[in-house]
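Residue numbers (this note's numbering), protein chains in the order written: chain A, 13 to 413; chain B, 8 to 370. Just so you know, even glycine gets a beta-carbon here, dropped at the ideal spot from N, CA and C.
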Amino acid sequence: MRSPHETVYLDHAATTPMVPEAIAVMAHELTFTGNASSLHASGRAARRTVEEARELIAERFGARPSEVVFCSGGTEANNLAIKGLYWSRLAQDPARNRLLFSSIEHHALLDPVSWLADHEGAQIDMTPVDAAGRIVVDDLRASVESDPSTVAAITTMWANNEMGTIQPIADVVAIARKHGIPVHSDAVQAAGYLPLNFAGSQLDAMTITAHKLGGPVGVGALLIRREIDATPLLHGGGQERDLRSGTIGVALIAASAAAVDVTLGRQLETVARIGRLRRRLVEGIVRVVPDAVVNGDPLAGPDHRLPNIAHVTFPGCEGDAMLMLLDTQGIECSTGSACAAGVPQPSHVLLAMGYDEVAARGSLRFSLGHTSTEADVDRLLEALPAVHQRAMRANLVRKAS
Amino acid sequence: MRVIAAMSGGVDSAVAAARAVDAGHDVTGVHLALSRNPRSYRSGARGCCSIEDAGDARRAADALGIPFYVWDMSEEFADSVVDDFIAEYTAGRTPNPCLRCNEKIKFAAVLDRALALGFDAVVTGHYAQLRTDERDGTIEMHRAVDMGKDQSYVLGVLTQTQLAHSLFPLGDTTKDVIRDEAARRHIQVAQKPDSHDICFIPDGDNAGWLAEKLGPKPGTVVDEDGTVLREHEGAYAFTIGQRRGLRLGIPADDGKPRFVLDIEPVSGTVTVGSRERLAVGHLEAIKPLWCGAAPFGSLDCTVQLRAHGDEHRARLTADGPHVRVELHDAASGIAPGQACVIYDGTRVVGSATISATTRVAVG
Numbered sequence: 013m014r015s016p017h018e019t020v021y022l023d024h025a026a027t028t029p030m031v032p033e034a035i036a037v038m039a040h041e042l043t044f045t046g047n048a049s050s051l052h053a054s055g056r057a058a059r060r061t062v063e064e065a066r067e068l069i070a071e072r073f074g075a076r077p078s079e080v081v082f083c084s085g086g087t088e089a090n091n092l093a094i095k096g097l098y099w100s101r102l103a104q105d106p107a108r109n110r111l112l113f114s115s116i117e118h119h120a121l122l123d124p125v126s127w128l129a130d131h132e133g134a135q136i137d138m139t140p141v142d143a144a145g146r147i148v149v150d151d152l153r154a155s156v157e158s159d160p161s162t163v164a165a166i167t168t169m170w171a172n173n174e175m176g177t178i179q180p181i182a183d184v185v186a187i188a189r190k191h192g193i194p195v196h197s198d199a200v201q202a203a204g205y206l207p208l209n210f211a212g213s214q215l216d217a218m219t220i221t222a223h224k225l226g227g228p229v230g231v232g233a234l235l236i237r238r239e240i241d242a243t244p245l246l247h248g249g250g251q252e253r254d255l256r257s258g259t260i261g262v263a264l265i266a267a268s269a270a271a272v273d274v275t276l277g278r279q280l281e282t283v284a285r286i287g288r289l290r291r292r293l294v295e296g297i298v299r300v301v302p303d304a305v306v307n308g309d310p311l312a313g314p315d316h317r318l319p320n321i322a323h324v325t326f327p328g329c330e331g332d333a334m335l336m337l338l339d340t341q342g343i344e345c346s347t348g349s350a351c352a353a354g355v356p357q358p359s360h361v362l363l364a365m366g367y368d369e370v371a372a373r374g375s376l377r378f379s380l381g382h383t384s385t386e387a388d389v390d391r392l393l394e395a396l397p398a399v400h401q402r403a404m405r406a407n408l409v410r411k412a413s
Numbered sequence: 008m009r010v011i012a013a014m015s016g017g018v019d020s021a022v023a024a025a026r027a028v029d030a031g032h033d034v035t036g037v038h039l040a041l042s043r044n045p046r047s048y049r050s051g052a053r054g055c056c057s058i059e060d061a062g063d064a065r066r067a068a069d070a071l072g073i074p075f076y077v078w079d080m081s082e083e084f085a086d087s088v089v090d091d092f093i094a095e096y097t098a099g100r101t102p103n104p105c106l107r108c109n110e111k112i113k114f115a116a117v118l119d120r121a122l123a124l125g126f127d128a129v130v131t132g133h134y135a136q137l138r139t140d141e142r143d144g145t146i147e148m149h150r151a152v153d154m155g156k157d158q159s160y161v162l163g164v165l166t167q168t169q170l171a172h173s174l175f176p177l178g179d180t181t182k183d184v185i186r187d188e189a190a191r192r193h194i195q196v197a198q199k200p201d202s203h204d205i206c207f208i209p210d211g212d213n214a215g216w217l218a219e220k221l222g223p224k225p226g227t228v229v230d231e232d233g234t235v236l237r238e239h240e241g242a243y244a245f246t247i248g249q250r251r252g253l254r255l256g257i258p259a260d261d262g263k264p265r266f267v268l269d270i271e272p273v274s275g276t277v278t279v280g281s282r283e284r285l286a287v288g289h290l291e292a293i294k295p296l297w298c299g300a301a302p303f304g305s306l307d308c309t310v311q312l313r314a315h316g317d318e319h320r321a322r323l324t325a326d327g328p329h330v331r332v333e334l335h336d337a338a339s340g341i342a343p344g345q346a347c348v349i350y351d352g353t354r355v356v357g358s359a360t361i362s363a364t365t366r367v368a369v370g
């Protein structure tokens with residue numbers, strides 16, 4: 013069994029601790045049985061819990077309850093959105109085989125997109141980003157307008173998971189609307205930190221997941237407008253508007269709603285507090301390691317970057333060496349992604365932003381969340397100079413050999 | 008001490024790490040990613056390079072309760088081991104990539120990185136024993152007690168500095184005891200087969216792998232009179248001492264099997280002849296590395312000329328960068344490029360790379 017240990021947890025963008033309210037609801041719900049599709053009293057009670065959760069989540073994200081399709085999380089929601097839209101749009105018109113996506117999407121979107129290209133004949137068009145990690149809207153417009161009738165769908169994440177850079181979703185939607193092209197956005201990182209209104213955004217589909225906002229891992233939702241056709245990935249009992257078959261996870265969904273309730277309820281105050289912590293963090297980092305470079309959009313605010321992510325390049329260091337040395341001291345952060353064997357990979361996001369592979373390998377992501385404290389930030393700042401020195405030395409040794 | 012345990016995912020390195028923990032060291036497990044494109048699953052008895060091996064190493068670290076990381080050494084491995092392997096074969100020599108990996112990766116790139124990061128030593132599951140000479144502090148490397156598993160040969164290239172930061176906790180134990188110990192420690196890899204082959208050649212087909220890397224380099228197979236017996240697509244498909252797969256068609260005059268005696272890399276000429284002609288009585292070696300002080304003048308010793316090979320009694324003369332070895336009993340299948348590791352009893356005196364061999368005159 014795992015036991016809680018004293019750590020400075022600076023990896024909230026990977027997953028954030030569940031809020032106690034969600035844990036309580038989940039534990040309570042797990043004591044009941046009843047398949048939400050059953051017709052008896054237990055089934056009806058389970059269904060009621062699910063529908064109340066659906067209504068709460070819909071309300072907090074500016075959607076209608078029928079637009080909330082529960083699934084296993086962000087990866088599934090993204091797969092359902094992009095494959096589902098691609099297949100249904102192509103079925104309506106075989107000319108629509110083009111998918112437009114940004115170069116900084118999460119692998120949970122990049123990989124289904126490239127799978128569609130490799131196996132399903134999709135033409136894929138990647139929209140580049142600028143040095144801050146924001147998509148170049150003019151490039152997207154040009155790509156759409158080169159042949160709007162062939163576009164199956166456009167997808168652009170709301171906020172990037174590594175940089176925190178917020179994307180111009182309204183501009184993307186405006187371009188797409190002129191031609192009736194559906195737009196999906198992966199809002200996994202944005203949810204909980206930005207005000208999100210599905211109806212107001214005029215998106216056709218949007219991905220959220222519970223574990224980034226204080227809920228459990230293993231549950232998420234695709235918000236998808238009623239009038240949008242999408243081909244399901246899973247066929248079976250026809251649950252979730254027939255878009256996502258499979259027995260409904262009542263406890264997971266109830267806990268998600270509890271987390272959304274708590275987290276969105278105090279979002280303003282959390283964001284303000286975390287914003288101050290992040291300032292303390294980045295100002296501290298460049299003070300103790302003067303050649304550190306903070307990446308992404310320097311400005312805060314809902315048009316610029318998430319309040320909780322700080323992505324930093326340490327020239328002449330390898331991120332994985334720093335991660336290990338910090339981990340030794342109980343300070344946990346991230347280098348980006350690793351392959352299946354656990355080998356740290358240079359971030360495709362940084363590469364897309366124009367950084368070279370060396371800089372991409374020499375970077376760390378620190379991400380704050382609802383449990384972060386000033387003491388956490390200070391412990392990092394205290395440890396960082398020595399860790400940085402050692403990582404520099406290790407890198408020099410490596411280059412010399 | 009703070010030590011890095013190099014964990015391949017196999018039983019030996021897992022038990023070595025466990026013993027380092029028991030000895031009171033602060034141990035961090037590290038799996039080395041050596042392949043550019045890790046294969047998803049093991050095929051056969053691979054020692055490294057697969058996602059499954061990384062997973063096994065991780066589970067062994069979990070069982071020991073130690074932190075675990077994967078270090079990407081694929082670039083260093085490609086440069087120092089794989090490219091060297093190809094270059095050596097191109098030059099008609101027979102390299103030992105495991106030895107090169109120890110010399111350049113495990114006890115160089117990994118050790119250097121560990122030291123720079125504040126660790127004191129690297130612990131591995133190699134079967135060899137280290138003893139410190141109380142008089143002068145010299146570290147002696149000895150053969151493992153389990154002669155069937157002894158790996159002092161592939162460690163023979165290590166310097167005193169490297170040995171000073173190395174721990175081999177398995178050298179005093181036999182393999183069956185290690186397997187039992189792994190089971191007792193609930194290390195899941197306990198029943199995994201040993202790895203023997205070259206880890207970066209997935210199917211064990213060295214000739215096929217080299218052919219793919221180097222392309223066709225046609226040449227001929229000749230007998231000792233120079234009679235052409237057949238054409239071939241690349242001399243790298245042959246090793247000195249090889250008997251099987253020569254596909255010579257016509258049998259020798261005496262009807263006896265023929266063996267590869269010599270490979271001439273520039274022309275690609277492969278010479279074959281009888282078993283007796285393989286016998287080597289004298290060899291020259293270069294680039295000696297002494298495990299401690301260099302021997303002065305001549306030395307009666309034993310030499311081992313390949314991994315898991317026999318010991319040969321010999322008289323060695325070291326002269327700066329040149330080493331001459333007179334074998335008391337002839338050795339066969341000895342190829343330039345192989346390492347000659349020199350022993351005094353069980354103690355490793357040093358190693359050198361075989362540069363030339365002289366056959367025993369057949370009388």
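Item, Value
"8 Å is my cut-off, CB to CB: does Gly10(A) come that close to chain B?", "Outside the displayed range of chain A (13 to 413) lies residue 10(A), so it cannot be described from this structure."
"Using C-beta distances below 8 Å, list every residue in its chain close to Leu137(B), excluding the 5 sequence neighbours before and after it, in chain order.", "Ile146, Glu147, Met148, His149, Leu170, Ser173, Leu174, Phe175 and Gly178"
"By alpha-carbon positions, which one of Gly144(B), Pro225(B) and Leu334(B) ends up nearest to Ser274(B)?", "Pro225(B)"
"Reducing DSSP to helix, strand and coil, say where Leu363(A) ends up.", "helix"
"Give, in chain order, every residue of the segment 117-130 of chain B whose Cβ lies closer than 8 Å to some Cβ of chain A.", "Asp119, Arg120, Leu122, Ala123, Leu124 and Gly125"
"Would you verify that the beta carbon of Arg405(A) is, or is not, closer than 8 Å to some beta carbon of chain B?", "yes"
"Closest by CA to Arg192(B), which one among Leu41(B), Asp90(B) and Asp69(B)?", "Asp69(B)"
"Under 8 Å, Cβ to Cβ, is there at least one residue of chain B near Ala333(A)?", "yes"
"Between the Cα of Phe113(A) and those of Leu311(A), Arg253(A), Ile35(A) and Ile166(A), spot the shortest distance and give me the residue it belongs to.", "Ile166(A)"
"Note down, in chain order, each residue of its chain lying with its Cβ closer than 6 Å to the Cβ of Val31(A), except the 5 sequence neighbours on either side.", "Gly226, Ala271 and Val274"
"Tell me the rounded alpha-carbon separation between Gln466(A) and Asp123(A).", "Not covered by the structure: residue 466(A). The range shown for chain A is 13 to 413."
"For Arg331(B), which of Ala314(B), Asp317(B), Ile349(B) and Glu318(B) has the nearest alpha-carbon?", "Ile349(B)"
"Which residues bound the beta strand (DSSP E) around Lys220(B)?", "Note, Lys220(B): premise wrong, no beta strand (DSSP E); alpha helix (DSSP H) at Asn213 to Leu221."
"Considering Val330(B), what are the terminal residues of the beta strand (DSSP E) in which it resides?", "His329 to Ala338"
"Can you round the beta-carbon distance between Ser87(B) and Ala40(B) to whole angstroms, since I take them to be within the 8 Å contact cut?", "Contact doesn't hold; Cβ gap of about 15 Å is too wide."
"Based on the DSSP secondary-structure assignment, which residues constitute the bridge partners of Gly357(B)?", "Trp297(B) and Ile349(B)"
"Check Ser78(A) in the structure and name its three-state DSSP category.", "helix"
"Enumerated in chain order, which unbroken segments of the beta strand (DSSP E) with a length of 3 residues or greater are wholly contained in the segment 41-96 of chain A?", "80-83"
"Can you pull the chain A neighbours of Asp79(B), defined as C-beta to C-beta under 7 Å?", "Val355 and Pro356"
"Would you grab the beta carbon distance between Phe44(A) and Ala58(A) for me? Rounded to a whole angstrom, and I think it's under 8 Å.", "7 Å"
"How long is the line joining the alpha carbons of Glu25(A) and Glu330(A), rounded to whole angstroms?", "With the sequence shown as reference, residue 25(A) is identified as Ala, and Glu is not the correct amino acid for it. Between Ala25(A) and Glu330(A), the C-alpha separation is close to 21 Å."
"Does the separation of the CB atoms of Gly381(A) and Thr28(A) fall below 8 Å?", "yes"
"Which residues in the same chain as Ala338(B) place their Cβ atom closer than 7 Å to its Cβ, once the five residues preceding and following it in sequence are excluded?", "Val287, Leu312 and His319"
"Give the secondary structure of Gly370(B) by DSSP, where H, G and I count as helix, E and B as strand, and everything else as coil.", "Because Gly370(B) carries a pLDDT of 47, less than 50, the predicted location of this residue cannot be relied on, and the following value inherits that uncertainty. Reduced to three states, the DSSP call for Gly370(B) is coil."
"Output yes if chain A places a C-beta closer than 8 Å to the C-beta of Ala68(B); else output no.", "no"
"Flag Arg189(A) as yes when its Cβ comes closer than 7 Å to any non-hydrogen atom of the ligand FAD, and as no otherwise.", "Of ligands this structure carries none, so the ligand FAD is not represented either."
"What residues of chain B sit near Asp339(A), judged by a beta carbon separation below 9 Å?", "Pro74 and Tyr76"
"Does any residue of chain A bring its CB to less than 8 Å from the CB of Ala6(B)?", "Only positions 8 to 370 of chain B appear in this structure, which leaves residue 6(B) out of reach."
"Taking 8 Å as the threshold (beta carbon to beta carbon), is Gly40(B) in contact with chain A?", "The question names Gly, yet the displayed sequence has Ala at residue 40(B). With 8 Å as the cut-off, Ala40(B) counts as an interface residue toward chain A."
"Tell me the rounded alpha-carbon separation between Ala64(B) and Ser155(A).", "47 Å"
"Checking the sheet assignment: what are the DSSP bridge partners for Val149(A)?", "DSSP, once it has assigned bridges, lists no residue as partnering Val149(A)."
"With a threshold of 8 Å between beta carbons, is Ala61(B) in contact with chain A?", "yes"
"Along the chain, where does the alpha helix (DSSP H) that runs through Met80(B) open and close?", "No alpha helix (DSSP H) contains Met80(B), which DSSP labels as neither H nor E."
"Does any C-beta atom of chain B lie closer than 8 Å to the C-beta of Arg291(A)?", "no"
"Mapping DSSP to helix, strand and coil, what is Gln401(A)?", "helix"
"List the DSSP bridge partners of Glu238(B).", "Thr227(B)"
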